[in-house]
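**Q** Mapped onto the working numbering, the consecutive letters of the sequence shown carry residue numbers 3 to 142.
Yeah, the Cβ is synthetic: ideal placement off N, Cα and C, and Gly gets one too.
All values reported here derive from a predicted model rather than from experimental measurement.
This is the structure I have questions about; it appears just below.
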Amino acid sequence: MRDDQWAQQRAEAVRLQGERLQARQDAEHARAEALLREFVAAARTAGLAPVPLQVQGYGGRGTARTQLVGWYLRVDRTAGVSADGDFYVLTAPIGLLDRVRGIRPEPRRPPLLLGAGGKDGDTLPLVDALERLLPGWGAG
Numbered sequence: 003m004r005d006d007q008w009a010q011q012r013a014e015a016v017r018l019q020g021e022r023l024q025a026r027q028d029a030e031h032a033r034a035e036a037l038l039r040e041f042v043a044a045a046r047t048a049g050l051a052p053v054p055l056q057v058q059g060y061g062g063r064g065t066a067r068t069q070l071v072g073w074y075l076r077v078d079r080t081a082g083v084s085a086d087g088d089f090y091v092l093t094a095p096i097g098l099l100d101r102v103r104g105i106r107p108e109p110r111r112p113p114l115l116l117g118a119g120g121k122d123g124d125t126l127p128l129v130d131a132l133e134r135l136l137p138g139w140g141a142g
C-alpha cells in the first residue's frame with residue numbers, strides 16, 4: 003500500500019469515528035433535553051416554584067443576576083434549568099459592570115452527566131439532580 007492510500011484510509015477512518023462520536027453526543031443531548039422538558043412539566047404540576055437564577059464568578063468571585071427563573075441542578079449552583087426547560091451553565095467571568103447590570107447566559111445542550119470532563123471529577127447524573135429537586139417526579 004502506498005503512503006497516500008494509507009493516509010486516505012486513515013483520514014476516512016477518523017472522519018467516520020468523528021461522525022459516530024457526534025451521533026452518540028447528539029443522542030445523549032436529546033435524551034437530556036427530553037428529561038428536562040418532562041421535569042419542568044412535573045415541577046409545574048407539583049407546584050415547585052422556580053427561583054431567580056444567578057451566575058457565579060469563576061472561583062466563587064461574586065454573583066450576577068440574570069433574567070432567568072428556574073431551578074439549580076447542582077447544590078453548588080453552577081448549573082440550572084430554566085422554567086422553559088433550557089439548560090444553563092451558571093459560572094462565568096464576572097466584572098463590576100456584570101454585577102450591576104446582570105448577565106444574559108446562553109442556553110446550552112444539556113448533558114446526561116453533570117460535571118463530566120471537569121477537573122474536580124465531581125459528576126452527578128442529571129436524573130439524580132432532578133430527583134433531588136422533586137423526589138418521585140417520574141423519570142428514570
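Around the C-beta of residue 68, are 16 or more other C-beta atoms found within 10 angstroms, so that it is buried, or is it exposed?
**A** buried
**Q** Based on the DSSP secondary-structure assignment, which residues constitute the bridge partners of residue 71?
**A** In the DSSP assignment, the residues bridged to residue 71 are 54.
**Q** Determine which residues share a DSSP beta bridge with residue 127 and list them.
**A** 115
**Q** Spell out a yes or no on whether the region 10–25 and the region 34–51 are touching, meaning 3 or more CB-CB pairs, one atom from each, closer than 8 Å.
**A** Contact between the region 10–25 and the region 34–51 is absent, because fewer than three Cβ pairs lie under 8 Å.
**Q** Classify residue 8 as buried or exposed, calling it buried when 16 or more other Cβ atoms lie within 10 Å of its own Cβ.
**A** exposed
**Q** With the cut-off set at 8 Å, would you say residue 81 and residue 116 are in Cβ contact?
**A** yes
**Q** In whole angstroms, what is the alpha-carbon distance linking residue 90 and residue 18?
**A** Using only the alpha carbons, I get a separation of about 31 Å.
**Q** Based on the DSSP output, what are the partners of residue 110 in its beta bridges?
**A** 89
**Q** Between the alpha carbons of residue 138 and residue 124, how many angstroms are there, rounded?
**A** 24 Å
**Q** Rounded to a whole number of angstroms, what is the C-alpha to C-alpha distance between residue 61 and residue 98?
**A** Looking at the two C-alpha atoms, the distance is approximately 15 Å.
**Q** Compute the Euclidean distance between the alpha carbons of residue 27 and residue 110, then round it to the nearest angstrom.
**A** 13 Å
**Q** Given residue 33, which residues of its chain have a CB within under 7 Å of its CB, disregarding the five upstream and five downstream residues?
**A** 114
**Q** Please confirm if residue 129 has its CB atom under 8 Å from at least one CB of chain C.
**A** Here there is only one protein chain, and chain C is not present.
**Q** Which residue from 83, 5, 118 and 112 puts its Cα closest to that of residue 29?
**A** 112
**Q** Leaving out five residues before and five after residue 65 in sequence, what residues of the same chain have Cβ atoms less than 6 Å from its Cβ?
**A** 56 and 58
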